[in-house]
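Residue numbers (our numbering): 11 to 125.
In structure tokens form, the structure reads like this:
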């Protein structure tokens with residue numbers, strides 16, 4: 011019951027970013043059957059749970075806040091920890107950084123490195 015309450019609360023508090031919505035649509039078009047904002051276990055979530063040919067994998071959209079300012083493109087500790095937790099449980103996690111998923115130049119005006 012507590013898990014259900016926490017999951018409902020997190021859905022109210024957190025909303026998907028534009029980048030997540032775009033990526034979710036792309037995953038759907040590719041036939042990956044994405045389910046957005048999934049709780050994998052208590053305290054651990056992923057942006058998407060995808061299924062293809064009966065195999066399940068998870069996708070995390072890594073926006074600019076998931077990376078250090080200097081050096082550019084180095085994942086922050088919480089992003090690395092999430093990857094390690096998923097790996098330790100044997101859950102496939104695909105991390106997609108913003109510079110791969112966003113249109114070219116989308117973050118240039120914010121002073122963030124692009125492709």
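C-beta atoms are modelled at their ideal positions from N, C-alpha and C, and glycine is treated no differently.
As assigned by DSSP and simplified to three states, the class of residue i
i: residue 32; result: helix
i: residue 96; result: helix
i: residue 69; result: strand
i: residue 126; result: Because the chain in this structure spans residues 11 to 125, residue 126 falls outside the shown range and cannot be described.
i: residue 74; result: helix
i: residue 105; result: strand
i: residue 86; result: coil
i: residue 112; result: coil
i: residue 27; result: coil
i: residue 15; result: helix
Test item: CB-CB of residue i and residue j under 7 Å
i: residue 56; j: residue 48; result: yes
i: residue 58; j: residue 69; result: yes
i: residue 105; j: residue 72; result: yes
i: residue 46; j: residue 64; result: no
i: residue 85; j: residue 77; result: yes
Boundaries (first-last residue) of the beta strand (DSSP E) holding residue i
i: residue 56; result: 54-62
i: residue 51; result: 45-51
Rounded distance between the beta-carbons of residue j and residue i, thought under 8 Å
i: residue 44; j: residue 37; result: 4 Å
Nearest residue (CA-CA) to residue i, options the options
i: residue 82; options: 112, 27 and 108; result: 108
i: residue 30; options: 115, 111 and 116; result: 111
i: residue 42; options: 25, 91, 60 and 52; result: 60
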